[in-house]
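Here the structure comes first, spelled out in structure tokens, and everything after it is commentary.
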Amino acid sequence: MQAKLSVVALSVAAALAMTACGKKEEPKPAAAPAAPAAPAAKPVIVVKLGHVAPMTGPQAHLGKDNESGARLAIEELNAQGLEIGGAKVSFELLGEDDQADPKQGSIVAQKLVDAKVAGVIGHLNSGTTIPASKLYSDAGIPQISGSATNPKYTQQGFKTAFRVMANDVQQGKSLGEFAAKQGVKTVAIVDDRTAYGQGLADEFKKAAEAAGIKVVATEYTNDKATDFKAILTKIKSTKPDLVFYGGMDAQGGPMAKQMKELGIKAKFLGGDGVCTPEFMKLGGEATEGNYCSLPGMPLEKLAKGPEFKDKFTKKFGMDIQLYAPYVYDAVMVMADSMKRADSVDPAKYLPAVGQTKYDGVTAMIEFDQFGDLKGGEISIYQYKGGKLEYVETLGGSAVGAVKEAAAEVKEAAKAVAGAASAAGADAVKAGAEAVKGAAEATKAAVEKK
Amino acid sequence: MKRHRKVPFLHVAVDLPKMDIFLQQIINGLVQGSIYALVALGYTMVYGIMGLINFAHGEVVMIGTLVTITVATTLIKAGMPVAVAGLAGLSSAVLVCMALGWGLERIAYRPLRNAPRLTPLITAIGMSIVLQNVAMIVWGRNYLTFPHLLPKVNFEFAGAHFTAIQVMIVVVSGLTMAGLVLLVYRTKLGMAMRATAQNPQVASLMGVNSNRVISAAFVIGSALGALAGVMVGTYYEIAHYQMGFMLGLKAFTAAVLGGIGNLAGAMAGGILLGIIEALGAGYIGDLTGGFLGSHYQDIFAFIVLIVVLMFKPSGLFGEKTGDRA
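Top line first, the protein sequences correspond to chains C and S. The first sequence begins at 568 in the numbering used here and counts up one residue at a time. The second sequence begins at 2 in the numbering used here and counts up one residue at a time.
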């Protein structure tokens, strides 16, 4: 194997020497300076990025949407003609299909690791992302998911795992609080037993119970089902005010419709998985007036949102389903990190990913020490006349500002302590002022909230 | 929020909801089961005649649904009345699926007629994958919505809700099955089918054109599949290129439960499976004290299947047939 590899390397080098503008399939820039054989033109390095989402199966529409987002980003990056480490960089997307199946997710993850990709965008589902993240972590390949929201993904202690979307702790909490605000007293919870659905339902349950809502039924389905009459009939006997669904649109839509057919009067509420045009298409009029949540702010309200929407629909001739802007941002963050580190070597640019401060389409992207998106608002939407109508934004920057202000207070206190030990009167004064400033910032943030 | 109406007597308040929920579960199961039964007939017809499990049958159902969507939606957009568009959709689906069934047999199975049994089985699985991917290319990966072909009428009976579509599904399934039984037991073609099922060589010696009989079985089975596809479509109002896989698997299970190769068995197996599933999902949590949730509903169906096969290896209605190698 070793011999074979070196033969490949030799032939690549030979090819490069012969054709001045030849492409070089080598993600490591360590080899890039060894390109003086072609001094006439700048060497081109091909950087392979992996992208994983279900391209077949019940969630194929969402997978395709993700891949389109990534493809758009890659094309723009290539058009920009980035230079990293003194070489021109050409990005290449290796799209893989994990069928939303954790087993398949690990298989394709291994495939990408073997293909020595410089980074991975994805996966789409939490259920596939979590097992795959171990493989990427072991191989030291940075991974940014645009849609895996299960908290566990970034809690495993992997330095390579990032996400550009608020996690389900935030989402579940916001949804629970929202339900309580709507005057809901009893709720039936259904989830699809995937890492995402189960995680979101559990977080929602915690928040709902904390807000004084009684959980009267807990039912389960799977992410391939189309018939929910049996569990809905059971739910009907418990007469809840609200049915909460942790899962995706392909099940949520028909579920809402079947609720209506069975004469269930309860409202329907769900997370990002059902906050799609597809959900309304599938659920028809049964979705009217119900609510769902989506991490981040609505695209129309973001500076770069409408522009992105136009670009996307013009290029692919279809509407954005769900996560495309997040995946687009994930690719951009990865490229941005490479640029800042001036390297496409995963080991070298990985630290730069953690220090990201990138003004993306979906948010100002910064990561906390776990790799989670800092801040992370949750927006609530209502299904109205076949459209998702923005209602309000919960949590997010206000919470983030409070957190930051608190951190400032802490630092200022440290400064005070340091100053005290130095016994410098001026320093103490400065420290005291810093504390005061931080306290004011806290106050302002709380008021803002 | 409106309060639920109070029931004057306590014992009524406790007993009534349980009965209506039970009835509702039976209705849910019956409708689901009728669909399974209709699909199962396609499996059982082909198996009964040539001993082949046509795993591509679920995909035939899927194509039936998708063709109906395309035709009906186009016609409705062109301004045709819904009823006409629906009938045109149904008939085009039946025609397309009949052609598909005939083609499948001609291309994929006939050349393997005398091959070992495993070979056509693998071919069938292969055809299933091919059809899924063709459908994915033609209709795309997105979910498609089925046009409203029937008005939404809700009925209520003893606290259980059901719709006109559900009634139609059960009635149409019943009539189709009765028609099929008549065809097999009262017509010349049916007699030829039964003869071929018993012994293809001897039947052809007696002047039965076994190729034509086998083609007919595929064509009729596929037409039933198209019908089932249209009903699945009108019921759930969604369709997807992968919808045939699970449906096919469940219908196959139903056919085995009832005794594969036996028409009455396929019907009984389908309806039984539907009802077991509904009751399983509805009561498994209560029965196991919450230890097993409703996502274990399939356990019930398969426990019943295993128990039936242990005591009656050929299924509920299965006759012992001589081995044909």
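We treat Cβ as the ideally placed atom computed from N, Cα and C, and that holds for glycine.
Apart from the five residues on each side of it in sequence, which residues of its chain come closer than 7 angstroms, Cβ to Cβ, to residue i?
| i | result |
| --- | --- |
| Val182 of chain S | Leu264 |
| Ile887 of chain C | Asp632, Lys876 and Phe879 |
| Phe161 of chain S | The question names Phe, but residue 161 of chain S in the sequence shown is Ala. Same-chain partners within the cutoff: Asp21, Leu24, Gln25 and Ile28. |
| Met899 of chain C | Ala640, Tyr925 and Gly927 |
| Phe219 of chain S | Val47, Gly102, Trp103, Leu105 and Glu106 |
| Ala990 of chain C | Residue confidence for Ala990 of chain C is low, a pLDDT of 49 falling below 50, so the modelled location carries little weight; the figure read from the coordinates is stated next. Nothing listed; no residue qualifies. |
| Gly180 of chain S | none |
| Pro913 of chain C | Ala685, Gly686, Gly707, Ile708 and Pro709 |
| Phe934 of chain C | Phe729, Gly921, Thr923, Leu940 and Lys941 |
Let me check one thing: in DSSP terms, what residues is residue i bridge-paired to?
| i | result |
| --- | --- |
| Ser712 of chain C | C:Arg730 |
| Ala256 of chain S | Answer is none; Ala256 of chain S lacks a bridge partner. |
| Pro862 of chain C | C:Ile945 |
| Phe163 of chain S | S:Phe156 |
| Ile239 of chain S | S:Thr146 |
| Glu786 of chain C | C:Val757 |
| Thr926 of chain C | The displayed chain sequence assigns Asp, not Thr, to residue 926 of chain C. DSSP lists C:Met931 as partners of Asp926 of chain C. |
| Ala620 of chain C | C:Asp664 |
| Leu113 of chain S | Leu113 of chain S is not bridged to any residue. |
| Val687 of chain C | C:Gly617 and C:Gln710 |
| Thr960 of chain C | C:Ser946 |
| Leu836 of chain C | C:Phe811 and C:Tyr858 |
| Lys781 of chain C | C:Thr753 |
| Gly951 of chain C | For clarity, residue 951 of chain C is Lys in the given sequence; the question names Gly instead. According to DSSP, which records beta bridges pairwise, Lys951 of chain C is partnered with C:Lys954. |
| Leu940 of chain C | C:Phe934 |
When burial is assigned at 16 or more other CB atoms within 10 Å of the CB, is residue i buried or exposed?
| i | result |
| --- | --- |
| Val308 of chain S | exposed |
| Glu956 of chain C | exposed |
| Arg142 of chain S | buried |
| Val97 of chain S | buried |
| Arg213 of chain S | exposed |
| Gln723 of chain C | exposed |
| Cys588 of chain C | With a pLDDT of only 44 at Cys588 of chain C, under the threshold of 50, the placement of this residue in the model should not be trusted; the figure read from the coordinates follows. Label assigned to Cys588 of chain C: exposed. |
| Gly821 of chain C | First, the amino acid is wrong: residue 821 of chain C is Pro here, not Gly. So Pro821 of chain C ends up on the buried side. |
| Gln331 of chain S | Limits of chain S in this structure are 2 at one end and 326 at the other, which puts residue 331 of chain S out of reach. |
| Ala627 of chain C | buried |
| Gln33 of chain S | buried |
| Ala602 of chain C | Reliability of the predicted coordinates at Ala602 of chain C is poor, the pLDDT of 44 falling under 50, and no value is obtained from them. |
| Pro121 of chain S | buried |
| Gly319 of chain S | buried |
| Ala597 of chain C | In this prediction, Ala597 of chain C scores a pLDDT of 45, lower than 50, which makes its location untrustworthy; no coordinate-derived value is stated. |
| Leu889 of chain C | buried |
| Tyr186 of chain S | exposed |
Residues in its own chain within less than 8 angstroms of residue i by CB, not counting five upstream and five downstream?
| i | result |
| --- | --- |
| Val72 of chain S | Ala86, Ala89, Gly90, Ser93 and Ala94 |
| Ser657 of chain C | Lys590, Val611, Ile612, Val613, Val614 and Asn645 |
| Ala159 of chain S | Met20, Asp21 and Leu24 |
| Val958 of chain C | Tyr858, Ser946, Ile947, Tyr948 and Gln949 |
| Gly952 of chain C | Glu855 |
| Leu616 of chain C | Ala637, Ile641, Phe658, Glu659, Leu660, Leu661, Val684, Ala685, Gly686, Val687, Ile688, Val898 and Met901 |
| Pro873 of chain C | Leu866 and Glu867 |
Below 6 angstroms CB to CB, which residues in the same chain sit around residue i once its five sequence neighbours on both sides are set aside?
| i | result |
| --- | --- |
| Gly653 of chain C | none |
| Phe811 of chain C | Val754, Ile756, Phe771 and Leu836 |
| Gln298 of chain S | Glu278, Gly281 and Ala282 |
| Pro600 of chain C | With a pLDDT of 47 at Pro600 of chain C, under the threshold of 50, the modelled position of this residue cannot be trusted; read the value that follows with caution. Taken in chain order, the list of residues that qualify is empty. |
| Phe156 of chain S | Phe163 |
| Pro148 of chain S | Ala73, Thr74 and Ile77 |
| Val574 of chain C | For Val574 of chain C, the predicted structure reports a pLDDT of 46, less than 50, and the residue's modelled location is therefore unreliable. A value from the coordinates is still provided. Correct list: empty, nothing qualifies. |
| Gly739 of chain C | Leu767, Glu770, Phe771 and Ala774 |
| Met99 of chain S | Val220, Ser223 and Ala224 |
| Met268 of chain S | Ala38 and Met178 |
| Ala908 of chain C | Lys915, Tyr916 and Ala919 |
For the stretch 170-233 of chain S, which segments carrying the alpha helix (DSSP H) assignment without a break, of at least 4 residues, lie completely within its bounds, in sequence order?
Those alpha helix (DSSP H) runs which fall completely within the stretch 170-233 of chain S and span 4+ residues are 189-199 and 201-206.
Which residues of the stretch 53-76 of chain S have a Cβ closer than 7 angstroms to any Cβ of chain C? Give them in chain order.
Against chain C - using a Cβ distance shorter than 7 angstroms - the stretch 53-76 of chain S contributes no residues.
Ranges of the alpha helix (DSSP H) found wholly within the stretch 631-681 of chain C, counting only runs of at least 4
List check, alpha helix (DSSP H) in window: 669-681.
Curious, which full-length alpha helix (DSSP H) runs of at least 4 residues does the stretch 38-80 of chain S contain?
58-78
Name, going along the chain, the residues of the stretch 132-144 of chain S whose beta-carbon falls closer than 9 angstroms to a beta-carbon of chain C.
Near chain C, meaning a CB-to-CB distance below 9 angstroms, the residues of the stretch 132-144 of chain S are Gln133, Asn134, Met137, Gly141, Arg142, Asn143 and Tyr144.
Taking the runs of the alpha helix (DSSP H) that are 4 residues or longer, which of them lie wholly in the stretch 886-926 of chain C?
891-908 and 913-921
Got a sec: which bits of the stretch 619-643 of chain C sit with their beta carbon under 8 angstroms from any beta carbon on chain S, in order along the chain?
For the stretch 619-643 of chain C, the set of residues with a beta-carbon nearer than 8 angstroms to any beta-carbon of chain S comprises Met622, Thr623, Gly624, Pro625, Ala627, His628, Gly630 and Lys631, in chain order.
Contacting positions in the stretch 286-298 of chain S - beta carbon closer than 9 angstroms to chain C
Gly286, Asp287, Gly291, Gly294, Ser295, His296, Tyr297 and Gln298
Any C-beta of chain S within less than 8 angstroms: which residues of the stretch 845-860 of chain C qualify?
Glu845, Lys848, Leu849 and Gly851
Members of the stretch 158-174 of chain S that neighbour chain C once the beta carbon cut-off is set at 7 angstroms:
His162 and Thr164
Of the residues that make up the stretch 803-822 of chain C, which ones have a beta carbon closer than 9 angstroms to any beta carbon in chain S?
Lys803, Ser804, Lys806, Asp808, Asp816, Ala817, Gly820 and Pro821
Please list, in chain order, the residues of the stretch 872-899 of chain C that have any C-beta partner in chain S closer than 7 angstroms.
none
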